[in-house]
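Peer 1:
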Ligand SMILES: *Cc1c(COP(=O)(O)O)cnc(C)c1O
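Numbering (UniProt numbering), first residue to last: 1 to 431.
Right, dumping it as structure tokens:
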């Protein structure tokens, strides 16, 4: 659910009119709803209240410092995948002691920094990595907390680029042989075996793969608990969101109206599905949601520049491109397109909405039936809060968009639009 809705003929985020935001701050612009983020965090936290648990928000989904600060205030921990993300968490007031460090390629600098800051645990993805962490910790005269990421070899049934839990993916240590890996790691002098982790993929919309993975891996967690006294079992993130229909699914009534067998997975169903197996372990249960927390708490606003009627198609050219939001080009991600001016009727026009970038893949939809909007009007690409701004680039020498955090009737710029001077400064300095 989320706080985007029409009011007085104009799309609003909470109490803020997005037409005004687009007029004042320009486009493209990312806009996030603070109360939607809080609501998602609290619903998950409440659903897990029955067990010793921790929420490790996956920073890579949206790492704006003000978004992180909001989650620090909610009591969240963080799952990070780089030294840069750890620095962000610390700058936002977060505690490294509540952070887990994921990723297949941690460098010496990152390991040293995380150890200096007192990271809760490294979630390692190979025995080679654990051996290196052991070496670095030894040189620093400390003991490093580590867990292995196990690859449970279950099919997450999601897009192949965001599926991570099959043996052919690069992630984690094979399920077969993981106990031997723990056994060898237990003899290393500078590491402490702290937990077990898995993460099978992203944007999962059914319960079954989660349950399959949890049921497969829980006996392993129990065996590691008795052998090495591990204290946590992290089941990763991956809970999907509703991309279509984005606007309607913001309301509780939409969820209530869905037939049970077609209803998208809710966070409460997810927790209810996995918790009975997990609570028997007596381990601290960690979850690492990214998209679920921020995905439909954000939109990207863009303005239509031109309509171009070709012989085969009608193109609406907008001022945002794949450099601002790459999900459609990268993994066929879908973003519903909603005009900021509420459509007066149900009439639809078939169009391609495309950006200004010199790439054929630079489109936000193709042959889509959309409510009408004209050049000069702004639209929202819905559900852009996760893996949106964080993947933006300067391709075509375009500045990064402005980010705005809405909280009630307050709209605050939490990252100004990047200027051309910003982009050019370091190159001009050496010219
Ligand atoms: C990306 C990632 C997550 C978050 O995934 P979502 O699908 O956004 O919930 C969690 N854990 C790890 C290790 C990740 O790499």
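Virtual Cβ for every residue (Gly too), placed ideally from N, Cα, C.
Pop quiz: residue 85 and residue 41 are said to be a contact at Cβ under 8 angstroms. What is the actual Cβ separation, rounded to whole angstroms?
Peer 2: Stepping through the chain shown from its first residue, residue 85 is reached at position 85. Stepping through the chain shown from its first residue, residue 41 is reached at position 41. No, residue 85 and residue 41 are not in contact; Cβ-Cβ is about 18 angstroms, not under 8 angstroms.
Peer 1: Would you say the beta carbon of residue 397 comes nearer than 7 angstroms to a heavy atom of ligand 1?
Peer 2: Along the chain shown, one-based indexing puts residue 397 at 397. No, the Cβ of residue 397 stays beyond 7 angstroms of every heavy atom of ligand 1.
Peer 1: For the beta strand (DSSP E) containing residue 234, list its first residue and its last residue.
Peer 2: Residue mapping note: residue 234 aligns to position 234 of the chain shown, counting from 1. 232 to 234 is the extent of the beta strand (DSSP E) around residue 234.
Peer 1: Name the DSSP beta bridge partners of residue 307, please?
Peer 2: Counting from one through the chain shown, the residue named residue 307 turns up at place 307. BP columns for residue 307 point to 316.
Peer 1: Would a C-beta distance cut-off of 8 angstroms place residue 281 and residue 218 closer than the cut-off?
Peer 2: Taking the first residue of the chain shown as 1, we reach residue 281 at position 281. Taking the first residue of the chain shown as 1, we reach residue 218 at position 218. Their beta carbons are under 8 angstroms apart, which means residue 281 touches residue 218 by this criterion.
Peer 1: What three-state label does DSSP hand residue 443 in the structure shown?
Peer 2: Given that the chain is displayed from residue 1 to residue 431, the structure contains no residue 443 and the question cannot be resolved.
Peer 1: Rounded to whole angstroms, what is the Cα-Cα separation between residue 302 and residue 10?
Peer 2: Position 302 of the chain shown holds residue 302. Position 10 of the chain shown holds residue 10. Going from the Cα of residue 302 to the Cα of residue 10 covers about 15 angstroms.
Peer 1: Give me the residue from 307, 391, 393 with the minimum Cα distance to residue 374.
Peer 2: As a first step, residue 374 is located in the chain shown; it is residue number 374 there, counting from the start. Ranking the options by Cα distance to residue 374, first place goes to 307.
Peer 1: Rounding to the nearest angstrom, what Cα-Cα distance links residue 48 and residue 278 in this structure?
Peer 2: To locate residue 48, count along the chain shown from 1; it is residue 48. To locate residue 278, count along the chain shown from 1; it is residue 278. Looking at the two C-alpha atoms, the distance is approximately 11 angstroms.
Peer 1: Just grab the DSSP bridge partners of residue 197 for me.
Peer 2: As a first step, residue 197 must be located in the chain shown, where it is residue number 197. Note: residue 197 sits in a beta bridge opposite 149, 234.
Peer 1: The beta strand (DSSP E) with residue 420 in it runs from where to where?
Peer 2: Within the chain shown, the letter at position 420 stands for residue 420. Counting along the chain, residue 420 falls outside any beta strand (DSSP E), though it belongs to the alpha helix (DSSP H) covering 420 to 428.
Peer 1: Can you list, in chain order, the residues of its chain whose CB lies under 8 angstroms from that of residue 271, leaving out five sequence neighbours each side?
Peer 2: By 1-based counting over the chain shown, the position of residue 271 is 271. The answer, listed in chain order, is 44, 47, 48.
Peer 1: Pull up the DSSP beta-bridge partners for residue 245, would you.
Peer 2: In the chain shown, the residue the question calls residue 245 occupies position 245. Its beta-bridge partners do not exist; DSSP assigns none.
Peer 1: In chain order, what residues of the same chain lie with their CB nearer than 6 angstroms to the CB of residue 147, ignoring the 5 residues before and after it?
Peer 2: Locating residue 147 in the chain shown gives position 147, where the first residue counts as 1. Hits under 6 angstroms: 121, 123, 194, 195, 196, 197.
Peer 1: In its own chain, which residues sit with a C-beta less than 8 angstroms from the C-beta of residue 483, not counting the 5 before and 5 after it?
Peer 2: Past the edges of the chain, shown from 1 to 431, lies residue 483, and the structure says nothing about it.
Peer 1: Are the region 137 to 156 and the region 174 to 181 in contact at 8 angstroms, needing three or more beta carbon pairs?
Peer 2: As far as the Cβ criterion goes, the region 137 to 156 touches the region 174 to 181, which means the pair count is three or higher.
Peer 1: Would you list the residues sitting across from residue 13 in a DSSP beta bridge?
Peer 2: As a working mapping, residue 13 is identified with position 13 in the chain shown. 4, 16, per the DSSP bridge assignment.
Peer 1: Comparing C-alpha positions only, which one of 188, 252, 57, 12 sits nearest to residue 38?
Peer 2: Start at 1 with the first residue of the chain shown, and residue 38 comes out as number 38. Here the closest residue by C-alpha is 57.
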